[in-house]
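Residue numbers (the working numbering): 17 to 393.
Virtual Cβ for every residue (Gly too), placed ideally from N, Cα, C.
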Amino acid sequence: MEFRDLKKQYQMLKNDIDESVIKVMESAHYIMGQEVGELEQQLADYVGRKHCISCANGTDALSLAMMAGKVGRGDAVFVPDFTFFSTAEIVAHIGATPVMVDVDSSTFNISIEDLENRIKEVKKEGKLIPKVIIPVDLFGLPADYERIEIIAKENELMIVEDGAQGFGGSIGKRKACSFGDMSTTSFFPAKPLGCYGDGGAVFTDDDNLAEVLRSYRIHGKGSEKYDNVRIGVNSRLDTIQAAILIKKLQAFKEYELDRINVVARMYSERLENDVDVPVIPKGYGSSWAQYTIKLESCKKRDGLKQFLAGEKIPSMVYYPRGMHQQTAFTELNLSDDMYPVSSKLCKTVLSLPIHPYMENEDIEKVCKAVKSYIKNN
Ligand SMILES: *Cc1c(COP(=O)(O)O)cnc(C)c1O
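If you want it as structure tokens, here you go:
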């Protein structure tokens with residue numbers, strides 16, 4: 017059993033994907049070929065944003081958003097403590113200070129109460145200027161943007177949605193990657209919409225930000241080819257990856273997102289009396305980047321992981337460390353008691369295999385194994 021079966025997906029889409037990749041190779045437009053623009057239009061339409069600016073990966077997408085937002089030294093950027101390293105890394109990389117915020121134990125997303133407290137603290141201390149909130153749509157579930165938008169407005173903060181795992185999620189009619197001033201996603205192969213290498217995108221409705229983002233991603237280009245008007249980076253999405261993504265987006269829209277929701281529902285129906293299953297608030301939709309359960313203790317979590325491995329069922333701990341526990345952030349002097357929820361999640365979460373091509377038989381096998389471990393431990 018695969019944790020996320022990318023081989024099976026390729027077998028299903030092989031004819032379409034092979035054909036479009038070969039077309040790019042024959043065209044020799046390997047950089048910024050026409051497929052890049054076509055994909056950007058399709059992605060913008062899907063999420064409901066005016067502009068999509070594709071780039072080399074999800075980390076660069078966040079960095080580009082920081083550059084366009086003029087974030088830098090002396091700025092405080094609020095990020096959830098329980099996330100992939102990139103979210104906090106890009107803040108420090110641009111010279112600003114990441115302020116880690118504890119998370120909500122039921123949704124795994126940024127805690128609204130703690131966000132309000134941290135903003136107050138930063139203002140009271142007076143050393144940093146509160147500038148941006150980067151909510152993360154962890155495991156495919158959008159953060160609570162309705163409340164985050166109110167806080168951002170009150171405190172004059174920008175919102176940059178980290179939708180690396182969120183693509184396909186929703187709140188009511190609003191889709192993930194359409195929240196905030198800018199939103200970003202990643203096409204890393206194992207993300208909800210993945211390509212066959214690295215890829216990413218930034219979305220915005222703001223014409224000026226879009227223009228600046230398009231400039232930053234190609235060496236700060238101006239309107240003439242060799243006129244560079246700002247210091248940028250080289251961060252483009254390969255034409256071949258765009259061609260692959262056009263085919264994969266079609267499958268994602270037609271059936272993958274629906275099917276992965278069926279898989280998640282089957283898991284929850286079978287496991288809800290045995291473990292803490294993921295909570296999807298009313299009106300929210302998840303794209304299930306991960307299906308993550310919570311166990312009573314670290315001992316039980318580690319025990320279950322080992323038991324599943326014995327049954328040849330892969331499982332993963334996302335994440336074993338919060339941002340406050342990362343060695344690279346030692347100098348921020350953060351401790352577990354400042355992040356009680358995140359610290360506990362690191363010890364008790366376990367992500368089970370999930371993908372749109374998972375057979376019912378495999379879902380039953382995983383559930384049976386989890387139930388049997390819980391019954392005997
Ligand atoms: C994967 C991920 C990223 C980074 O994306 P890459 O394409 O791997 O650079 C950023 N944030 C979150 C929450 C992620 O899961």
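Residues near residue i by beta carbon distance below 6 Å, same chain, minus five either side
i, result
"T364", "K310, L311, R317"
"D352", "S359"
"G238", "V245"
"C211", "F203, Q257, I260, L261"
"S3", "Here the chain covers residues 17 to 393 and nothing more, so residue 3 does not appear."
"C68", "E56, L59, A60, A217, F219"
"E170", "none"
"V357", "D118, V119, S121"
7 Å CB neighbourhood of residue i in its chain, flanking five on each side removed
i, result
"D160", "N125, I128"
"D290", "V386, K387, I390"
"E272", "P372"
"F19", "P330, M332, P369"
"Q25", "Y373"
"C71", "A77, L80, G216, A217, V218, R233, S251, R252, L253"
"I247", "G236"
"P297", "T123"
"L324", "S331, A385"
"M17", "K328, I329, P330, P369, D378"
Reference residue i, options the options, closest by Cα
i, options, result
"P208", "V107, D32, K269, K241", "K269"
"T201", "G185, Q181, G188", "Q181"
"M448", "D197, K23, N31", "Outside the modelled stretch of the chain, which goes from 17 to 393, sits residue 448, for which no answer is possible."
"D6", "I329, K264, S331", "There is no way to answer for residue 6, as the model of the chain reaches only from 17 to 393."
"H340", "G248, N349, D153", "N349"
"A217", "E18, K30, V152, L55", "L55"
"Q322", "N393, K86, V87", "N393"
"N277", "V249, G184, A226", "G184"
"K23", "A325, A344, P205", "P205"
"V87", "P114, S102, C68", "P114"
"M28", "M374, K381, D378", "M374"
"D153", "F203, R134, T99", "T99"
"E288", "D21, G53, C383", "C383"
"Q342", "Q257, S102, N224, G326", "S102"
"L361", "D97, S251, A267", "D97"
"D178", "K381, Y242, M282, N73", "N73"
"P336", "C314, K143, A226", "C314"
"P158", "R134, E170, S199", "S199"
"E377", "M282, A344, A226", "M282"
"Y62", "E227, A267, E347", "A267"
"N133", "K66, G49, Y355", "Y355"
"E380", "R286, E347, G319", "R286"
"L225", "R275, F345, K66", "K66"
"T12", "E162, V249, V357", "The structure shown does not extend to residue 12, since the chain is modelled only from 17 through 393, so no value can be given for it."
Nonlocal neighbours in the same chain, by C-beta distance under 8 Å from residue i, ignoring five residues either side
i, result
"A280", "P294, S302, W304, Y307, I370"
"D254", "Y46, I47, G213, G215"
"S284", "V293, P294"
"Q58", "I262, L265"
"L131", "F94, V117, I149, I164, I167"
"F155", "F124, Q181, P294, S302, W304, A305, Q306, Y307, T308, Y334, S367"
"G64", "R190, K191, S194"
"G111", "G88, R89"
"V36", "Before going further, note that residue 36 is Ser rather than Val in the sequence given. Once the five neighbours on either side are set aside, the close Cβ partners of S36 are E51, A259, I260, I262, K263."
"D243", "K237"
"G299", "I187, G188"
Beta carbon proximity, residue i to chain C, threshold 9 Å
i, result
"A305", "Any reference to chain C falls outside this structure, which holds one protein chain only."
Does the segment 115-124 come into contact with the segment 224-234, if we say contact requires no fewer than three beta-carbon pairs (one atom in each stretch) closer than 8 Å? The segment 115-124, when compared against the segment 224-234, does not touch it at the 8 Å Cβ threshold.
Can you list, in chain order, the stretches of the alpha helix (DSSP H) that have 4 or more residues and sit fully within the segment 68-133? Assignment of alpha helix (DSSP H) within the segment 68-133, counting only whole runs of 4 or more residues, yields 74-84, 102-109 in chain order.
Within the segment 333-370, note down every full alpha helix (DSSP H) run reaching 4 residues or more, in order along the chain. Runs of the alpha helix (DSSP H) inside the segment 333-370: 356-364.
Using 8 Å as the cut-off, can you tell me whether the segment 167-175 makes contact with the segment 136-151, which would need three or more C-beta pairs spanning the two stretches below that distance? When C-beta atoms of the segment 167-175 are compared with those of the segment 136-151, three or more pairs fall below 8 Å, so the two segments count as touching.
For the segment 83-98 against the segment 130-147, are there 3 or more C-beta pairs whose distance is under 8 Å? When C-beta atoms of the segment 83-98 are compared with those of the segment 130-147, three or more pairs fall below 8 Å, so the two segments count as touching.
Report yes or no: do the segment 63-82 and the segment 99-114 share at least 3 C-beta pairs separated by less than 8 Å? Yes, they touch.
At a cut of 8 Å, does the segment 178-194 reach the segment 36-46 through at least three beta carbon pairs? Result no; under three Cβ-Cβ pairs closer than 8 Å.
Going residue by residue through the segment 171-233, where are the continuous alpha helix (DSSP H) segments of at least 4 residues, counting only ones entirely within it? Runs of the alpha helix (DSSP H) inside the segment 171-233: 223-233.
In the segment 226-291, which residue ranges form an unbroken alpha helix (DSSP H) of at least 4 residues, counting only runs that do not cross its ends? The qualifying runs are 255-267, 273-287.
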